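Colleague: This is the structure I have questions about; it appears just below.
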Amino acid sequence: MSSFAGRMKEYPNISLDCFDRDNLHARAYFLSHCHKDHMRGIKGPKLKRRLRSSSRVKLYCSPVSKELLLSSRKHLFWEQYIVPLELESPTQISLVDEASGESEELVVTLLPAGHCPGSVMFLFEGRRGNVLYTGDFRLALGDVARMEHLHSGGRVKDIQSVYVDSTFFDPRFYQIPSRETCVSAIVRLVGDWIARSALHVVWLNCKAAYGYEYLFTRLGQEFNTRVHVDNLLMFRRMPEILSYVTCERRTQIHACRHRKSQQYVHGNRLPCACGTGADLRVLSIKPSTMWFGERTHASDVVIKSGNDAFRACFSFHSSYCEVKDFLSYLQPVQVFPNVVPMGSTLAEVTRMLRMTCRKRPRDDLAYKPLGLLKRRRRLATLTTAPPDDPDSDDDLFDGLAAALPKKLPRTSRHHPDEHRAPRAAPQATPHTAPHATPEENSLWLVARDRSDINNFMDCTESNDDDDSEEDEQSDRDQTKWLGQRGSPCGEPPKWEDFFTVDSQNNLNGQRQARRPFSPALSGPSSEREDDDDDVADFSLSLSASDHSWQKRDASEADEPPPSSQSSSDFDVACTPDSKRPTPEQLARLYRKLADGDDLSCPD
DNA sequence: GCGATCAGCT
DNA sequence: CACAGCTGATCGC
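Going by the numbering used here, the first sequence opens with residue 650, and the numbers climb by one from there.
As structure tokens, this is what we get:
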């Protein structure tokens, strides 16, 4: 649970994920995602008064968070103040003091956080330095190295402070099995059960929150069915989810809830009281976080907890290892915890976070911008000497090979000075995303047919905020509406799709492959670990594979990071057939680099 | 009556 | 295996 008080010391004029007390005076608000513990005070009367008396104060969030927030009637008053921002699209915001007219400029970039639908991290760049607020996040090892907007000129940006999700930043929570591992295990468990007979049903005992959607859709896709949930309203403009959930009770997979869910299920009845109960066999699966120590083999991601009852591993938050990887890569000057882990103290978590901070000032002047050179040289070598481990390298280098004749796909779309000359934030216009059509902007927000949406709104309105007895008529209406849309459709969305809105996505899900941003190629710690000849080590960094990286990280967990970043950028692991360049070759390469020639062509 | 806070529960 | 959030009691405005 977040205990972040809402303000960052570098930019105290803005408030994040907190809307009461001192935050009532913020010049702008930011919402990382729509969990209640990040929305404290968001519907308070004092805040409403503040909004009404202000002509400038806005709430910035992802387009998905906007939809989720406005799916509750209690939050509708926010509509005219919300400015949805696309992910990975730097936006300039003017923070104006309405009394004095004084203004401060700030550039904000939303980055995917992998926590729940719509969840983002905020990168702020302004007069007081670069600051990253993570909100809650679940990022895998190596993910941070692929985030373009955390890099500049081929290296990681100089980050002053990170306000980090420290929920599991405690060595007890050393590793948590990957999302894919956990979901696959749940799919197997569900599949084995519901195959027994049509009367065998599964109840997913999910906590009330967004975040399980990719599990629902995966199950829906695997078993060509829909998951029964209490309310569809919040997904009304998210067809990728809507296709796999239903208010129709007659399905074998349920994630519905009732105040007395536990009692129902113990009595072999579903919370929705589907059927008489006597003839159903209900398997209860409770998604819960499981963690494993540094040397524990994380094999059992599903545990039997009783008759027809299981716990299955499922985490919305990054493990200790993942947070450590994230921070060690960014090397901020300071880190602040947003959460005190269970059983720990603020002092303890702060002390441990400090260990991930920068040990000495960055020496940017000594830096030679050879990140691209490394990569190109490595690639040129690979064209004649493929790596031993295709799984680790192929995927990454395929993308680069395709990109090589041109510039990097993403960077080529932007002006090099984009960060210095970001676009200005638009004025808030309800239901209008800035600078692009909804189709261009968001996989989520596209309503295939506006009349369908209106129709849907009409028939689901009665369920909004209604926690009393079930509404049979509403159930039927929703089912009818969904029936008109047909059965679960097409290509299944991937889990990433539920957490991010990539502006490059198009409607058909023909997502541009998410190519690694160049620093990823030197691995999470390569700038600090210059291991000349260890090809395997370099490949592990490249693979970003949970398994391989965990093994490596586990063996080095307690070692202090090497102090030197000063070794040559050519001190890169070589493939077996390659040779270390001679000084003459180096000079030629430098000249080519300066001339902007294609470095992938061998001399 | 409403909001804030906390304990208890799942 | 510990997240997120609901419910109810209590207190104050």
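Each residue gets a CB set at the ideal place from its N, CA and C atoms; glycine is no exception. It should be emphasised that the depicted structure is a prediction, and the values quoted were computed from it without experimental measurement.
If we ignore side chains and look at the alpha-carbon of each, how far apart do Asn672 and Ser954 end up?
Modeller: Their backbone Cα atoms lie some 44 Å apart in a straight line.
Colleague: What would DSSP say about Ser714, mapped onto helix, strand or coil?
Modeller: Note: Ser714 maps to helix in three-state DSSP.
Colleague: For Arg670, which of Glu737, Ser681, Arg656 and Leu976 has the nearest alpha-carbon?
Modeller: Out of Glu737, Ser681, Arg656 and Leu976, Arg656 has the C-alpha closest to the C-alpha of Arg670.
Colleague: For Arg776, which residues in the same chain have their Cβ closer than 8 Å to its Cβ, ignoring the five residues on either side in sequence?
Modeller: Excluding sequence neighbours, Arg776 sits near Glu753 and Glu754.
Colleague: How long is the line joining the alpha carbons of Tyr870 and Pro712, rounded to whole angstroms?
Modeller: Per the sequence shown, the amino acid found at residue 870 is Gln instead of Tyr. C-alpha separation (whole angstroms): 25 Å.
Colleague: If you run the structure through DSSP and keep just helix, strand and coil, what is Leu759?
Modeller: Of the three classes helix, strand and coil, the one that applies to Leu759 here is strand, per DSSP.
Colleague: Could you check if His687 is buried or exposed, using at least 16 other CB atoms within 10 Å of its CB as the buried criterion?
Modeller: So His687 counts as buried.
Colleague: Answer with buried or exposed for Thr994, where buried requires no fewer than 16 other C-beta atoms within 10 angstroms of its C-beta.
Modeller: With fewer than 16 other Cβ atoms within 10 Å, it is exposed.
Colleague: Could you give the first and the last residue of the continuous alpha helix (DSSP H) run that contains Tyr978?
Modeller: Looking at the DSSP string, the run of the alpha helix (DSSP H) that includes Tyr978 is Tyr969 to Leu979.
Colleague: Might you give, ordered along the chain, the residues of its own chain that have their beta carbon closer than 6 Å to the beta carbon of Lys935, omitting 5 neighbours on each side?
Modeller: For Lys935, where only same-chain residues beyond five positions count, the Cβ hits under 6 Å are Asn854 and Arg960.
Colleague: For Phe653 and Leu848, what's the separation of their Cα atoms in angstroms?
Modeller: Answer to the nearest angstrom: the Cα atoms are 46 Å apart.
Colleague: Quick check on Glu897: does DSSP put it in helix, strand or coil?
Modeller: It is coil, neither helix nor strand.
Colleague: Return the CA-CA distance between Cys765 and Gly860, expressed in angstroms with no decimal places.
Modeller: Taking the straight line from one Cα to the other gives about 4 Å.
Colleague: Could you tell me if Gln912 is buried or exposed, where buried requires 16 or more neighbouring beta carbons within 10 angstroms of its beta carbon?
Modeller: Looking at its Cβ environment, which holds fewer than 16 other Cβ atoms inside 10 Å, Gln912 is exposed.
Colleague: In this structure, what does DSSP give as the bridge partners for Gly955?
Modeller: DSSP, once it has assigned bridges, lists Ala958 as partnering Gly955.
Colleague: Entirely within the region 654-688 and at least 3 residues each: give me those beta strand (DSSP E) ranges in chain order.
Modeller: With a minimum length of 3 residues, the continuous beta strand (DSSP E) runs that stay inside the region 654-688 are 663-665 and 677-679.
Colleague: Taking Leu719 as the reference, which of Glu774, Ile691 and Lys909 has the closest Cα?
Modeller: Considering only alpha carbons, the answer is Ile691.
Colleague: Taking Ser910 as part of the alpha helix (DSSP H), name the residues at either end of that continuous run.
Modeller: Run containing Ser910: Ser910 to His915, per the alpha helix (DSSP H) assignment.
Colleague: Rounded to the nearest angstrom, what separates Val894 and His966 at their Cα positions?
Modeller: Taking the straight line joining both Cα atoms gives about 24 Å.
Colleague: Where do the N-terminal and C-terminal ends of the beta strand (DSSP E) with Gln983 fall, by residue?
Modeller: Counting along the chain, the beta strand (DSSP E) containing Gln983 begins and ends at Gln983 to Pro986.
Colleague: Buried or exposed, going by whether 16 or more other CB atoms sit within 10 Å of the CB of Met1001?
Modeller: Buried: at least 16 other Cβ atoms inside 10 Å.
Colleague: Whole-angstrom Cβ separation of Pro990 and Phe818, contact assumed at under 8 Å?
Modeller: Pro990 to Phe818, Cβ: 6 Å. Contact.
Colleague: Candidates Pro739, Trp852, Ser937 and Val780: which alpha carbon is nearest Ile902's?
Modeller: For Ile902, the nearest C-alpha among the options comes from Trp852.
Colleague: Could you give the DSSP three-state label for Lys692: helix, strand or coil?
Modeller: It is coil, neither helix nor strand.
Colleague: Is it right to say Ser1212 is buried, meaning 16 or more other beta carbons lie within 10 angstroms of its own, or is it exposed?
Modeller: Reliability fails at Ser1212, whose pLDDT of 30 lies under 50, so the model's placement of it is uncertain and the value that follows must be treated cautiously. Classification for Ser1212: exposed.
Colleague: Hey, how far is the Cα of Leu868 from the Cα of Arg676?
Modeller: Between Leu868 and Arg676, the C-alpha separation is close to 43 Å.
Colleague: Looking at the structure shown, is Glu774 part of a helix, part of a strand, or coil, going by DSSP?
Modeller: Residue state, collapsed to three classes: strand.
Colleague: Would you check if the distance between the CB atom of Cys962 and the CB atom of Tyr823 is smaller than 9 Å?
Modeller: Taking 9 Å as the Cβ cut-off, Cys962 and Tyr823 do not qualify as a contacting pair.
Colleague: Helix, strand or coil for Tyr964? Go by DSSP, reduced to three states.
Modeller: The sequence as given places Ser at residue 964; Tyr does not occur at that position. Residue state, collapsed to three classes: coil.
Colleague: What residues are listed by DSSP as bridge partners for Trp852?
Modeller: According to DSSP, which records beta bridges pairwise, Trp852 is partnered with His903 and Ser933.
Colleague: Which of the three DSSP states, helix, strand or coil, is assigned to Gly877?
Modeller: The sequence given here has His at residue 877, not Gly. Looking at His877 - three-state DSSP - the assignment turns out to be strand.
Colleague: Ignore the nearest five residues each way along the sequence and tell me which others in Leu700's own chain have a CB closer than 7 Å to its CB.
Modeller: Same-chain partners within the cutoff: Val706 and Tyr730.
Colleague: Rank Arg898, Thr900 and Val876 by C-alpha distance to the C-alpha of Ile890 and give the top, closest one.
Modeller: If we check each option's Cα against that of Ile890, Val876 comes out closest.
Colleague: Nearest-angstrom Cα distance between Phe985 and Gly942?
Modeller: Between Phe985 and Gly942, the C-alpha separation is close to 24 Å.
Colleague: Using C-beta distances below 7 Å, list every residue in its chain close to Asn662, excluding the 5 sequence neighbours before and after it, in chain order.
Modeller: These residues qualify, in order along the chain: Ala675, Arg676, Leu744 and Glu753.
Colleague: With DSSP collapsed to three states, give me the class of Arg845.
Modeller: Arg845: coil per DSSP, three-state reduction.
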